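One structure below.
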Amino acid sequence: MTDQTQKDFLVEESLRRRSELSSPENRLDRMIEIRAVEGKLQSLFNDGFIRGSTHLSNGQEAISVGIAATITTSDWVTCTYRGHGTALSLGVTPTAVVGEIAGRVIGCVGGLGGSMHLCGVEVGLLPTFAIVGAGYPVAAGAALTAQYQGTSDIAVAICGDGATNIGAFYETLNLASIWKLPVIFVVENNLYGEYSRIQLTTPIEDLAQRADSFAMPGVIVDGQDLDAVMDAMTAAVSRARAGEGPTLLEMKTYRYSGHSRADQANYRPAGELDEWLLRDPINLYAHSLGISDAELEERRRVINAEVDMATEVALASPEPPIADLFEFV
Amino acid sequence: MPKLRMREAVIRALADELESDPTVILMGEDIAEAGGPFKATEGLKEQFGARRVRDTPISEMGFLGAAVGAAATGLRPVVEMMFIEFIGVALDQLTTEACKFRFLSRGKLNVPLTVRASAGAGLGFGCQHSQMLDQWFRGTSGLKLAVPSDPQTAYGLLRAAIRDEDPVIILETRSLYGDRGEVTLGEAGIIPLGKGSILRSGSDVTVVALGQMVKHAAAAIQDGQIDAELIDLRTLIPWDRELVLESVSRTRRLVIVEESPYSGGWGTEIAAEVSRELFGQLLSPVHRITLPDTPVPYAASLESRYLPNAEVIRSQIDAYMTSGLSPEPWWRLEGLARA
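From first to last, the protein sequence lines stand for chains A and B.
For the first sequence, this note's numbering begins at 29 and goes up steadily by one.
For the second sequence, this note's numbering begins at 9 and goes up steadily by one.
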């Protein structure tokens, strides 16, 4: 296969993967896949295959999958540099994600973006944002296009708890509210803004409260429970599609890793991680589906093997040719 | 051909694009109900409705960012920044987001966004409402920037900007809004981006100017005693390299008149390129007439010294032609500053 046919194939594959999320078992598998891909990325880093930095979202998989399962491919999503899970959930293939992060031409941005800049226009993923809060106004703009053109499309803006202290967050919530834009604001509150615990930077515990001053619903959601995420999303999606305006969803969650590759997260109190691991989104969802531990292990084994293969394909792809730098400026 | 003020030419350009393309929308502070702080959108809300001509909160990052998102997903927003300085709080959305979308989507997304802003000194608005700030944008790939010099260029460049697939900034020199001139409307009046124009042909020296400096440079040479060729650059990013190099290859002398700082002003790039391409052919070094490296002063007598005028431009060109050297700027001659 040429690089181009291979890329075309991956785009089609993204759409197929997205449609799979209608089944609960596939949703479970997707969460397992995200965990597996991020584990693989960590080891690729250690082996020197990956440059710069990367930001893992392990522990937050239910949010990504829950969002992807409740919107369509013509809806737009903006998300942060902690976006591997979102990209995979929306449908971008493990090969395209790992390829991008390894700087290969088969990557979803042809190897020119890197870990913080994944993209999947075919599944509604705008280029992911490496500037905290920057995706918020852009999502409002995508929602404005839908509202203006009279389609039923919506936009979803995903940010972390840290971004609720940046101006873009407030300006966008205000604008979206006065214009009743069909947009859903998702805050993944994983308790740490980069290296700082939320209490050091934020005077309130429940960020959903911040919706009050913009006259929009603010909902606290258990971000470790995929069904809860989907329920909250479904209500917010209906509201947006009905022209009733934006919703702020605060997903209470936890990232198992540090902020980025270099961060060992030594600032976390002892035992905190262990407590959150008891409510691991993959285990919780598997149990809710009546899947035994043994069966879950088997699923992990199969998916890990698939991710290994996807990684081999990604790493077999060359780095992009220098001419690609001058294209699409 | 109607005679219009520059602000009226802006309104006509916006109206004509709103009329011809249903994806064009306008956004900005006070532009709809109030008709714009400089009356450059007057009547458009009445004509096209509040759905297409939208007042925004005072949230430049919010509405510029929303325009970026709207542009990437199918609209052609035209955003008004009341004063170009206000883009400071929203710069990320333009330079770091909008200008990277095509690159990061490998050509699947364009951002056909136009940002109009009033800019420039001369009206006593003080140092936070009188800058051009083009130097903030010149090193950003994926961005275009044009500066009209009269009603025709205001009309033609704005229409071209709205039709362009890239983010384009139009800096409308505030002091020119009231200037009148004949304007060719319609398709024939559209001026392509990236093309300068020779306003006066001459053989002894090329004078390159932009924005309100075009008017002052034209006045400086209008008696014809110097056989100068005057170029209105019109677009700064990308600037018309071929036109300038061709002209200077004939005249072998170049004076650049900038409303831009001495350090890092836009003429530095042109001077470097001309020196590289035409080094052996130049009869004199490239000469730049610029602003001093200071904030814009408020007091009228100081602001009029700060901004080059026809008299200063003329005396500088005379000194340049007579000596064959690049004359010192006034602040150095007077011992006020070294740079």
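Backbone N, C-alpha and C fix where the C-beta goes; we use that ideal spot for every residue, glycine too.
What you are looking at is a predicted structure, and each value in this text was computed from that prediction instead of being measured.
For residue i, does the three-state DSSP call read helix, strand or coil?
i                      : result
residue 328 of chain B : helix
residue 187 of chain B : coil
residue 90 of chain B  : strand
residue 333 of chain B : coil
residue 304 of chain B : coil
residue 63 of chain B  : strand
residue 153 of chain B : strand
residue 253 of chain A : coil
residue 51 of chain A  : coil
residue 221 of chain A : strand
residue 240 of chain B : strand
residue 71 of chain A  : helix
residue 344 of chain B : coil
residue 12 of chain B  : strand
residue 268 of chain B : strand
residue 288 of chain B : helix
residue 208 of chain B : strand
residue 297 of chain A : coil
residue 37 of chain A  : helix
Since residue i meets chain A, which of its residues come closer than 7 Å, beta carbon to beta carbon?
i                      : result
residue 114 of chain B : 137, 138 and 356
residue 109 of chain B : 155
residue 51 of chain B  : Correct list: empty, because the minimum Cβ distance to chain A is about 21 Å.
residue 117 of chain B : 149
residue 69 of chain B  : 165, 195, 196 and 199
Should residue i be listed as close to the ligand NAP, given that the test is whether its C-beta is under 7 Å from any heavy atom?
i                     : result
residue 23 of chain B : As far as ligands go, the structure on display features none, and thus does not contain the ligand NAP.
Is the Cβ of residue i closer than 8 Å to any Cβ of chain A?
i                      : result
residue 65 of chain B  : yes
residue 74 of chain B  : yes
residue 100 of chain B : yes
residue 105 of chain B : yes
residue 292 of chain B : no
residue 350 of chain B : Nothing in the structure corresponds to residue 350 of chain B, since chain B is present only between 9 and 347.
What in chain B is Cβ-close to residue i, meaning under 9 Å?
i                      : result
residue 176 of chain A : 31, 33, 59, 60, 78, 82 and 83
8 Å is my cut-off, CB to CB: does residue i come that close to chain B?
i                      : result
residue 193 of chain A : no
residue 271 of chain A : no
residue 145 of chain A : yes
residue 95 of chain A  : no
residue 159 of chain A : yes
residue 166 of chain A : yes
residue 199 of chain A : yes
residue 33 of chain A  : no
residue 219 of chain A : no
residue 310 of chain A : no
residue 127 of chain A : no
residue 104 of chain A : yes
residue 173 of chain A : yes
residue 206 of chain A : yes
From what residue to what residue does the alpha helix (DSSP H) around residue i run?
i                      : result
residue 342 of chain A : 321-344
residue 53 of chain B  : 52-56
Starting from residue i, trace the beta strand (DSSP E) both ways and give me its first and last residue.
i                      : result
residue 295 of chain B : 295-299
residue 316 of chain B : Residue 316 of chain B -> no beta strand (DSSP E), and no H or E assigned at all.
residue 180 of chain B : 176-181
residue 215 of chain B : 213-217
residue 280 of chain A : 275-280
residue 159 of chain B : Element bounds for residue 159 of chain B: not the beta strand (DSSP E) but the alpha helix (DSSP H), 159-171.
residue 184 of chain A : 183-188
residue 36 of chain B  : 32-36
residue 226 of chain A : Run containing residue 226 of chain A: none in the beta strand (DSSP E); it sits in the alpha helix (DSSP H), 226-229.
residue 106 of chain A : 104-106
residue 148 of chain B : Residue 148 of chain B -> no beta strand (DSSP E), and no H or E assigned at all.
residue 122 of chain B : 122-127
What do you get for residue i, buried or exposed, if any count of 16 or more other CB atoms within 10 angstroms of its CB means buried?
i                      : result
residue 157 of chain A : buried
residue 45 of chain A  : buried
residue 315 of chain A : exposed
residue 131 of chain A : buried
residue 180 of chain B : buried
residue 32 of chain B  : buried
residue 252 of chain A : buried
residue 232 of chain A : exposed
residue 9 of chain B   : exposed
List the residues of chain B that residue i touches, going by C-beta distances under 7 Å, in chain order.
i                      : result
residue 48 of chain A  : By Cβ distance, chain B contributes nothing, its closest Cβ being about 23 Å from residue 48 of chain A, past 7 Å.
residue 115 of chain A : Here the premise fails: no neighbours, minimum Cβ distance about 13 Å.
residue 99 of chain A  : Simply none; closest approach about 15 Å.
Which residues in chain A have a C-beta closer than 8 Å to the C-beta of residue i? List them in chain order.
i                      : result
residue 150 of chain B : 357
Counting only Cβ pairs nearer than 8 Å, list the residues of chain B close to residue i.
i                      : result
residue 203 of chain A : 64, 65, 67, 70, 71 and 74
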